[in-house]
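Down below is the structure, laid out as structure tokens.
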Amino acid sequence: MSRVTSLLRQTRRPGRLGWTDILSYGYLALGVVLMFGPVLWLVLSSLKTPAALLEFPPSFLPLTQKTISVPGHARPLELHRVRLPDGSVKELAQVRRIGIQATMIDPADPARPAIRVPIEAREPIREIAFAWSNYTEPLKQFAFGRYFANSLIVTILATIITLLINSMAAYALAIYEFRGKNAALLMVIGTLMIPITIVLVPVFLVVTQLGLNNSLWAVILPGAATPTGVFLLRQYMLTLPRDLIEAARMDKASEWQIYSRIVMPLTLPALAVLAIFSIMWRWNEFLWPLAVLTKSEVYTLQIGLNAFQGELQTQWHYLLAMTVMTLAPVALVFVFLQRFITTGIANTGMK
Amino acid sequence: MNRRHWLAGALVAVALASSPVQAQTTLRMTWYSDGNEGEVMRDLLNRFEAGNPGIKVVLDTVPFKAINENLPVQLAAGQGPDMARIVDFGGLAKFALDLRPHLANAPNWEQNFGPFLEWMREPGNTTAIPGYMTQLTVTGPLVNKTLFEQAGVAIPGPKATWDDWAKAAKAVADKVKAPYPVAFDRSGHRFFGLAVSQGAKMIGADGLPTPSDEGFRRAAQLIVDWHKSGVMSKELWGSVSGTAYRGANEEFKNAQVPFYLSGSWQIAQFDKTVGNAFDWIAAPTPCGPANCSGMPGGAGVIGIKATKHPAEVAKVMDFLASEPILSEFYARTLFVPGHIGIAKKGVAYRGASAQAAAALKVFGDAVGALDPAAYRIQGNAYSRIVFNAAISRIGQAVAGEITIDDAIKRIDADVAQQVAERNKK
Amino acid sequence: MAGLVLKGIGKSFGPVEVLRGIDLDVADGEFVVFVGPSGCGKSTLLRVIAGLEEVTSGSIRIDGQDVTTERAAERGLAMVFQSYALYPHMSVYRNIAFALENMRLPREEIDARVRRAATMLRLTEYLDRKPGALSGGQRQRVAIGRAVVRDPKIFLFDEPLSNLDAELRVATRKELAGLHAEIGGTMIYVTHDQVEAMTLANRIVVLNKGRIEQVGTPLDLYNRPANLFVAGFIGSPRMNFIRGQVGPEGRLVTPDGKVNLPLPPGSAATGEVTIGIRPEHVAPCSPAEADARIAVELVEQLGSESYLYGTLADGTALTLRSPLEDPARRGEEMPVRFDPARLHLFDAAGLAIRP
Amino acid sequence: MSANGSPPRAIPRDSFASRLIEAVAGLADRPMAWIQHAVGGRGMAYVFLAPNILFFGLFVFLPIGINMAMSLTGGTNLFLSERPFVGGDHYRALMQCGSYLDPASCREDHFWKGVSNTLKFTLFQMVAMVGTALVTALVLNRKIRGRGFFRAVYFFPVLLSPVVVALIWKWILQRDGLLNGAITLAGGEKILFFVEPGWAMFWAVFVSVWAHMGFYTLILLAGLQAIPADLYEAAEMDGTKPMRVLTRITLPLLWPNLVVVLVLVLIKAVQTFDEVFVLTGGGPGTATLMVVQYIYETAFANQVQNFGLAAAASMLLGSLLFALTMLQLWIARRKAA
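Chains as they are written, first to last, in the working numbering: chain F, 1490 to 1840; chain D, 5 to 429; chain H, 2 to 356; chain R, 42 to 378.
This is the structure:
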């Protein structure tokens, strides 16, 4: 019974593995498979040839048809495992296939006359091969470097602006008493729930009137003031001791100095959380950039990458490979800031 | 101080990134790609630039979604490129530039693009030359010959009916355990590939759409019935909502579809990805009570009215639409030509296998067999409204959410409402 | 260094009046302690002086200059907070230097001042540490150091010792006294602990419900409390209060007549009075000398002395201090005598009746 | 914050970030000092608020105003000046229903279907999300070896874009996907997940739980770790049954965090669009068509881009969201009181 209790709290009997522990580890192991598996699947899929991508049942690893060069044949021939009429199984190379009949020869003895095999009797022999061309081809085709740089500029500048103006507003709303404070708070909270998707057209109109179309600012500015950001930072700042701010005031710090030297450094965990979300959001943003960026010089990675989606065809092999490329920076950010993120969220006054 | 310099440098860099240096006349063409046509176009444009040092053409490749969803908004806002590759000719006609005054040889254009120019013009206008066709598409069936052979079922002949094909495909599928005996792209355009042969006209005397005529009903009924009897799988028509497109090309490549109603644009890709896995052919469109016609369609490049350089745009267009260049474009992209002169001469497709070349020939011939009604439907300014309403509602009927009668009532209502909205001034 | 003049200070938070009509003169170099029960307004008054709260009415003059509307930063004061309010992300050095940096003093000047303060407060070896790595007493000294380097016109202390344990509190109290002796600045100190007030102050200001009850030197307050509140607040254990009246023959008598005391000579008291007597001025005695008898309820033995808690016949609690180690047992009845010279009398309004 | 002057959180010593902030902020010291001199210390509140309000005004409030104007005008033109005034036509069209309980009876049946799907999705998702996050948080709250690693594992999908998440799962769940491959391998029949309305909704919920659960787990975990251990020890001394410990100690003390999670899940669920759209395309039929998808398609994907109708629908959705926000505020107030 106390073991069940311990499931509900944090202590484990030292040195003993109870069934609750086994249950927990089982759950966690399942979690690892469930959480990482799909992403691993994406990565492996991105290394498959277009044909292998569509195969069923799908193979986990990227496999391709094994071929062999046979003297007397200009092109390498496909290798198959063939069940012969006498019941024996042999590895043969396919010279040609017409309808449901395949013509095959023994690669070890190409001089022997070819035999005809019904196609059900042969099974392709395959080997692991990574289709790196999924990566190299699109890199040649589209200006990955430029799109990457644009995405980077958008992400970094937008995040800096977001952090700055939202923390300033949060500071004003957390620290000062002033006329209109409640109205400002209500405005912030009232718009907390409005998704940008539903006001896309009016925002487009505003941006167009400001003459920002086809400039990265059109992507950077509109989302910079986020109610979520203000709300999150304000909640955190409310937990800072007022004494600190008053002490700073006694120490002849100007209001700006109090904000920048005292409050900002102490709000770092919350800022880190907002930064992470801003980075993720900006890096992944698609619908809005698509609406305001039409010149390829200013494309972000997401637009460039989705250009593989045509009207009638989607070049999945390229799309998946480029998706993996855009995931790489995300994974990096995650690896380096993981601790910050996880402890940061825990501490952001989400209470 | 250093820090400040660095910051200023960064800001300048950003400013530069967002305002490119203007060299000569730079024209922009918004483009989308299904396959290699973007590369080919770039190559041709390079050739143009070499011959015309004063003009530079930038190709802005976007997801197709942006062509249909964002480009209209950008054009409406007075933004947008100098040229664009589009498919909704009727919807964007009001933004199109009339190239005629700037063209060296306008009659030549009329001669070779005549029927398609009508698609691109605003209603009532009979003279404008808005652009040219980067491809003509024509709907038609692609057949997995190997599956038919494995099942031992004979492939229906040239004048076979829809019913013949449905029966044959079902028989094949049952034998070889293919989950999709008949597959249709979930697309209004493809639906009309069936509906035209059932006698659908779509357009009333006043030029406004009247979707639910007899032929339309018959076609809709057929689609729903085929789903009920297992000839079609709900996977395509029943699995998504609204106007979403779903193709069965992946399933076809995986040898799960004996009969796939799609169109000429699939050929290049199938040639590349099916490879040696099975044999496939293109077949003529099956016959209905009215005719054996499929639907024409296609994509074209138009000039945009708001351009500051109409003469230069015309120059580029003239180059791209010229016979040798366009012929090369079709040949390298394996597109069915949307140029009457080239179509007559035939295109020497490059790098196409015998199989693909044969299929292209079938589709080329199919162009000749198109019913005038099919052209009228494609050229009507409201056609896409009807296409979208049709798949959205028939999709619901296929999913079993509404009856076919309700679906048709809804289609009429949807179309009427949208037409009214468009004509609200 | 500077003096401080408060005139008619009033402060309200919405409908709640926290301070009313405070008048106070603090001389240059004086150590003034504000005491009072919690909620009496002493901290608010300190914050008003600091400039952290705006007054609702009245004026504040520092060094002869009206600073009523000036912000905290401009008043040239330094404050030590109850929580110390050290900047957790800065080293001790930066904590102390922060204000000097804000004043844009030259680097060398800042460094010299910080080091001088650190030496004085024995913080030199901790200058690189973050406040989180310091003990309570060290943090306290950093907070003081932060105030000292500024060379402020007035030092303000807001219950600076309340977060220290008893032993450290006594030690730090002495250090503070030493500091005042050494630098001689004007200091205003808020506490609810009367021992701190008594030991540190030149003058004590007793506050209650937003008003000043009495201002005076510690002994003044102890020996001549102006009213019942001050009498009860200053001194520990607190003063005994017995309800009584001035009898016809000029004696103080309780309603039940069991206590009967001579009226102090020259007293003007008449009618209903409250008799106040501190525990140390009540002593056990022989039955013959007794002014009253108490039933002993609790005996606290502190070693050097003992406190006896008992009740008079009418139930009034009475505490007395006895130098004896074992003066009585619980339940015993004990005769006690009051020192007649140390009786305090208060009228019905609670004001002291002075001869 | 404890009163003994300990730092509020462990801050890395003179971290690079704080030094950077300090250096950059230093550049603004003098200008800001002048501004403060001009507007006074209290006026600085408005100065701090100003940039945000400016951005908010330009990119949130102005658009909402334009949206409102758009909802009262018709046609396909973009600029308000070119759009004819139609009054409440769009609202009337949206509200025209035989019965509000039956979306099919409405003129704009897809709008109401979207509303009803969104409500369904929100309800299922809230239960599933909070349930899974709670269980995961409880497990992670134990003294588990490699806790940081597992915490990261569950959090990782939060960082993926909704489109990528949906793409991955679509790839897994389609007829010829990984899951059906596994089912076939195990001897089962392929399941057409996107053809069965029930399955489609299930996977829509599942995938969104998969993608966002990690975030809520962390919030709940923080709450669990804030519960004093001696409460559990006291409960154990009292011989409290484990279920009672959960229901009488853990859950009540976790309540504030649970409220936050519930509210956030609610907000996100109502806004759901791209994730579900890419995964199921709103199908089968219209079984997973969300209201935001309806708005998006009305404004963009339909050939006649009906900005007016979309704007009207978004105003309706907006008011619903506003009401929900106020409800949240009210709950928060009550909690505080």
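Every residue, glycine too, gets a C-beta built ideally from N, C-alpha and C.
Closest to residue 277/H by C-alpha separation, out of 340/H, 331/H and 66/H, would be which residue?
To locate residue 277/H, count along the third sequence from 1; it is residue 276. Ranking the options by Cα distance to residue 277/H, first place goes to 340/H.
Q) Residues of chain D with a CB under 9 Å from the CB of residue 1780/F: which are they? A) Indexing the first sequence from 1 puts residue 1780/F at position 291. Under the 9 Å cutoff, chain D gives 70, 73, 74, 77 and 78.
Taking Cβ to Cβ, would you say residue 241/R is nearer than 8 Å to residue 310/R? To locate residue 241/R, count along the fourth sequence from 1; it is residue 200. To locate residue 310/R, count along the fourth sequence from 1; it is residue 269. Their beta carbons are not under 8 Å apart, which means residue 241/R does not touch residue 310/R by this criterion.
Fill in: CA-to-CA distance, residue 353/H to residue 66/H, given in whole angstroms
Within the third sequence, numbered from 1, the residue matching residue 66/H stands at position 65. Within the third sequence, numbered from 1, the residue matching residue 353/H stands at position 352. Each residue's Cα considered, the two are about 36 Å apart.
- Task: Mind listing, in chain order, the continuous alpha helix (DSSP H) runs of no fewer than 4 residues lying wholly within the region 212-248 of chain D?
- Result: 218-232 and 238-241
- Message: Check this for me: beta carbons of residue 292/H and residue 254/H, under 8 Å apart or not?
- Response: Counting from 1 along the third sequence, the entry for residue 292/H is found at position 291. Counting from 1 along the third sequence, the entry for residue 254/H is found at position 253. In this structure, residue 254/H does not lie closer than 8 Å to residue 292/H by Cβ.
- Query: For residue 242/H, does the three-state DSSP call read helix, strand or coil?
  - Reply: Translated into the one-based positions of the third sequence, residue 242/H becomes position 241. If DSSP states are grouped into helix, strand and coil, residue 242/H belongs with the strands.
Discussion item. Taking the alpha-carbon of residue 236/H as reference, which of 218/H, 199/H, 138/H and 125/H has the nearest alpha-carbon?
Written reply: Your numbering for residue 236/H matches position 235 in the third sequence. Checking every option, the nearest Cα to that of residue 236/H belongs to 199/H.
Own chain residues within Cβ distance below 8 Å of residue 342/D, not counting five before or after:
The residue given as residue 342/D occupies position 338 in the second sequence. For residue 342/D, where only same-chain residues beyond five positions count, the Cβ hits under 8 Å are 117, 120, 136, 137, 138, 139, 140, 302 and 304.
Length of the line joining the Cα atoms of residue 37/D and residue 1815/F
The count along the second sequence starts at 1 and reaches residue 37/D at position 33. The count along the first sequence starts at 1 and reaches residue 1815/F at position 326. Going by the C-alpha atoms only, they are around 21 Å apart.
| field | Spatial distance of residue 1807/F from residue 70/D (CA atoms) | value | Within the first sequence, residue 1807/F is the residue found at index 318, counting from 1. Within the second sequence, residue 70/D is the residue found at index 66, counting from 1. Answer to the nearest angstrom: the Cα atoms are 19 Å apart.
Interface positions of the region 112-132 of chain R facing chain D (Cβ-Cβ less than 8 Å), listed along the chain: 115, 116, 117, 118, 119, 120, 125 and 127
Please classify residue 259/D: does DSSP put it in a helix, a strand, or coil?
-> Along the second sequence, read from residue 1 onward, the residue named residue 259/D stands at position 255. Correct three-state label for residue 259/D: coil.
Residues in its own chain within less than 6 Å of residue 62/H by CB, not counting five upstream and five downstream? Walking along the third sequence from the start, residue 62/H turns up at place 61. Once the five neighbours on either side are set aside, the close Cβ partners of residue 62/H are 6.
TODO: Could you name each continuous alpha helix (DSSP H) segment of 4 residues or more that falls completely within the region 115-164 of chain R, going from the start of the chain to the end?
DONE: 130-136
If we define contact as Cβ-Cβ less than 8 Å, is residue 103/H a contact residue for chain F? Counted from its first residue, the third sequence places residue 103/H at position 102. Output row for residue 103/H: interface = yes.
* Kindly say whether residue 273/D, judged by its beta-carbon, lies nearer than 8 Å to any beta-carbon of chain F. => For the purposes of this step, residue 273/D is taken as the residue at position 269 of the second sequence. Taking Cβ atoms only, chain F reaches closer than 8 Å to residue 273/D, which makes this a yes.
Check the C-beta distance from residue 1718/F over to residue 1763/F and give it rounded, since I have them as a contact under 8 Å.
As a first step, residue 1718/F must be located in the first sequence, where it is residue number 229. As a first step, residue 1763/F must be located in the first sequence, where it is residue number 274. About 5 Å; that satisfies the 8 Å criterion.
Tell me which residues share the same chain as residue 6/D and place their Cβ nearer than 8 Å to its Cβ, disregarding the 5 neighbours each side in the sequence.
For the purposes of this step, residue 6/D is identified with residue 2 of the second sequence, where counting begins at 1. Bear in mind that the predicted position of residue 6/D carries a pLDDT of just 48, short of 50, making it too unreliable to give a figure here.
If we ignore side chains and look at the alpha-carbon of each, how far apart do residue 88/H and residue 96/H end up? Within the third sequence, the letter at position 87 stands for residue 88/H. Within the third sequence, the letter at position 95 stands for residue 96/H. Looking at the two C-alpha atoms, the distance is approximately 6 Å.
Listed by chain order, chain D residues near residue 1589/F by CB distance under 8 Å | Position 100 of the first sequence, counted from the first residue, corresponds to residue 1589/F. The answer, in chain order, is 150, 153 and 154.
Practice item. State the beta-bridge partners of residue 213/H as determined by DSSP. Key: Against the third sequence, residue 213/H aligns to sequence position 212. For residue 213/H, which the question treats as bridged, DSSP gives the partners 208/H.
Using a Cβ cut-off of 9 Å, which residues of the region 1746-1770 of chain F contact any Cβ in chain H, in chain order? 1746, 1750, 1751, 1754, 1755 and 1757
- request: Have a look at the DSSP bridge pairing and note the partners of residue 1/R.
  value: Missing from the structure shown is residue 1/R; chain R here goes from 42 to 378 and no further.
- prompt: Does the beta carbon of residue 1799/F come closer than 8 Å to any beta carbon on chain D?
  reply: Stepping through the first sequence from its first residue, residue 1799/F is reached at position 310. So yes, residue 1799/F belongs to the interface.
query = Exposed or buried, residue 78/R, counting other C-beta atoms within 10 Å across all chains shown (16 or more means buried)?
reply = One-based indexing of the fourth sequence puts residue 78/R at position 37. Exposed is the call here.
request  = Would you check if the distance between the CB atom of residue 235/D and the CB atom of residue 173/D is smaller than 8 Å?
outcome  = Residue mapping note: residue 235/D aligns to position 231 of the second sequence, counting from 1. Residue mapping note: residue 173/D aligns to position 169 of the second sequence, counting from 1. Yes.
Let's see if you can read the secondary structure: which residues bound the beta strand (DSSP E) around residue 156/H?
Stepping through the third sequence from its first residue, residue 156/H is reached at position 155. Residues 155-159.
Which class does residue 1607/F belong to by DSSP, given the choice of helix, strand or coil? Along the first sequence, one-based indexing puts residue 1607/F at 118. Reduced to three states, the DSSP call for residue 1607/F is strand.
query: Looking at C-beta atoms only, is the number of pairs between the region 165-182 of chain R and the region 354-365 of chain R that lie closer than 8 Å three or more?
result: no
- Item | Interface flag, residue 14/H vs chain F, CB-CB below 8 Å | The residue labelled residue 14/H in the question sits at position 13 within the third sequence. False, the Cβ-Cβ gap to chain F never drops below 8 Å.
Amino acids of chain H, ordered along the chain, whose beta-carbon sits closer than 7 Å to that of residue 1510/F:
Your numbering for residue 1510/F matches position 21 in the first sequence. Per Cβ cutoff of 7 Å: no residues; residue 1510/F is ~35 Å from chain H at best.
Anything in chain A within Cβ reach of residue 53/H, meaning under 8 Å, just list it in chain order.
Chain labels in this structure do not include chain A; the protein chains are F, D, H and R.
Contact criterion: CB-CB distance below 8 Å. Does residue 1684/F meet it with respect to chain H?
Against the first sequence, residue 1684/F aligns to sequence position 195. So, not an interface residue.
- Message: Distance check for residue 1724/F and residue 189/H, CA to CA, integer angstroms please.
- Response: As a first step, residue 189/H must be located in the third sequence, where it is residue number 188. As a first step, residue 1724/F must be located in the first sequence, where it is residue number 235. Whole-angstrom Cα-Cα distance: 35 Å.
- Query: Between 89/R, 233/R, 285/R and 298/R, which lies nearest to residue 242/D when the distance is taken from Cα to Cα?
  - Reply: On the second sequence, residue 242/D is found 238 positions in, with the first residue counted as 1. Per the Cα distances, 233/R.
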